[in-house]
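Each remark here refers to the structure printed beneath this line.
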Amino acid sequence: MDITRKAISQVEVGFRSSFSKAITEEDIRKFAEVSGDLNPLHLDEGYAKRTIFGRRIAHGIMTLGLVSAALSKLPGYVIYASQSVEFTRPVNIGDVVEAVVEVVEKSADRSEVKLRTFARNQRGEQILDGEAKVRLFDLEQ
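Note that my numbering gives residue 113 to position 103 of the sequence shown, counting from 1, and the numbers run on in steps of one.
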């Protein structure tokens, strides 16, 4: 059975996948530990209260990681080629973030798709907006 290009054939313009997660205190602590990003805006309530946010917020790149999780739900295995992003709103501890990716262009001959990437919180407020390119491949038999 020939499965070449099976993954790319399963997506068309408009195809979406998503991933949702409640952001916890532990998530922020673990991300800081793994990434080395110890910015007190994320870890120190006293410091964060004196910022424009008035409280601790999640790392922007951590929330972008939820976009990666949404990409992982695309067919086949996904090679993340590029990402542009604008962070439009902070993510607070306790927010439920839904990351969504939507195919806007498809190049079947290259097994590549361009996607709009965005995320919103439980109130429907957009927290990030961007664009990604990925390549979709099938596992070797």
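All residues carry an ideal CB built from backbone N, CA and C; glycine is no exception.
Note that the structure is a prediction, hence the values are computed from the model and not measured.
Under the DSSP definition of a beta bridge, which residues are partnered with residue i?
i           : result
residue 89  : 145
residue 67  : 102
residue 21  : Paired residues: none, contrary to the question.
residue 26  : 112
residue 32  : 106
residue 140 : 95 and 127
residue 82  : DSSP, once it has assigned bridges, lists no residue as partnering residue 82.
In terms of residue numbering, what span does the alpha helix (DSSP H) encompassing residue i cover?
i          : result
residue 44 : 35-45
residue 55 : 55-59
Let me confirm a value: residue i is counted as buried when at least 16 other C-beta atoms fall within 10 Å, else exposed. Which label applies?
i           : result
residue 134 : exposed
residue 116 : buried
residue 66  : buried
residue 137 : buried
residue 86  : buried
residue 38  : buried
residue 100 : buried
residue 105 : buried
May I have the straight-line CA-CA distance separating residue i from residue j, to the nearest angstrom?
i           : j           : result
residue 148 : residue 113 : 18 angstroms
residue 26  : residue 63  : 32 angstroms
residue 61  : residue 131 : 21 angstroms
residue 19  : residue 118 : 7 angstroms
residue 13  : residue 126 : Caution is warranted here: a pLDDT of 46 is assigned to residue 13, below 50, making its placement in the model unreliable, and no coordinate value can be reported.
residue 77  : residue 108 : 9 angstroms
residue 90  : residue 98  : 22 angstroms
residue 59  : residue 68  : 14 angstroms
So, does the CB of residue i fall closer than 8 angstroms to a CB anywhere in chain B?
i          : result
residue 39 : No chain B is present in this structure, which holds just one protein chain.
Would you kindly report the start and end of the unbroken beta strand (DSSP E) that includes residue i?
i           : result
residue 130 : 122-130
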